[in-house]
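In the working numbering, the protein residues as written are 292 to 440. Ideal Cβ placement from N, Cα and C applies to all residues, glycine included. What follows is a short report on a single structure.
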């Protein structure tokens, strides 16, 4: 029987409790999730280099053989194909995220036939975003409650 593999892609700068929750919930749907740390040309310079983010996320999932972490460049659908994934897993926090992600899902399906599965954020995590966490860090605020411990 063929494994159900999904890629969960993003810049993950930083990898938040919201990202962690999506992976945990995604494991109920998929046999394997590959977290792809990519470069988003629309985002400005990341706070941490990709190698550091890779090591951090690998350490979070070190005891879970169903989760892999990799760096990638290019289109998410190409990364998915390279990893034999038939699904892209995405989290959505609000209607703005939903509109963007649903449009991307149509484009990705048109380009590759790969389906996107959107998981809504838990209400208690919907306010958490990497952008906000980076902003708080920039102003020396405590961000520990937003990161995986």
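{"Query": "Touch test, the stretch 348 to 362 against the stretch 383 to 393, Cβ-Cβ under 8 Å, three pairs minimum", "Result": "no"}
{"Query": "Residue 366 (DSSP reduced to helix, strand or coil)", "Result": "coil"}
{"Query": "Rounded separation between residue 364 and residue 345 - CA only", "Result": "14 Å"}
{"Query": "Residues sharing a beta bridge with residue 323, DSSP", "Result": "296"}
{"Query": "Residue 390 - containing alpha helix (DSSP H), residue span", "Result": "386 to 403"}
{"Query": "Cut-off 8 Å between Cβ atoms - residues of its own chain near residue 405, not counting five sequence neighbours on either side", "Result": "368, 371, 372, 376, 377, 378, 379 and 399"}
{"Query": "Among 341, 436, 428 and 435, nearest to residue 303 - alpha-carbon criterion", "Result": "341"}
{"Query": "Spatial distance of residue 308 from residue 418 (CA atoms)", "Result": "11 Å"}
{"Query": "Per-residue DSSP class, three states only, for residue 409", "Result": "strand"}
{"Query": "Limits of the unbroken beta strand (DSSP E) element including residue 313", "Result": "Per DSSP, residue 313 belongs to no beta strand (DSSP E); it is in the alpha helix (DSSP H), 308 to 317."}
{"Query": "Simplified DSSP assignment, three categories, for residue 303", "Result": "coil"}
{"Query": "Limits of the unbroken beta strand (DSSP E) element including residue 427", "Result": "Element bounds for residue 427: not the beta strand (DSSP E) but the alpha helix (DSSP H), 421 to 429."}
{"Query": "Pick from 297, 310, 298 and 413 that is closest to residue 421, judged by C-alpha positions", "Result": "310"}
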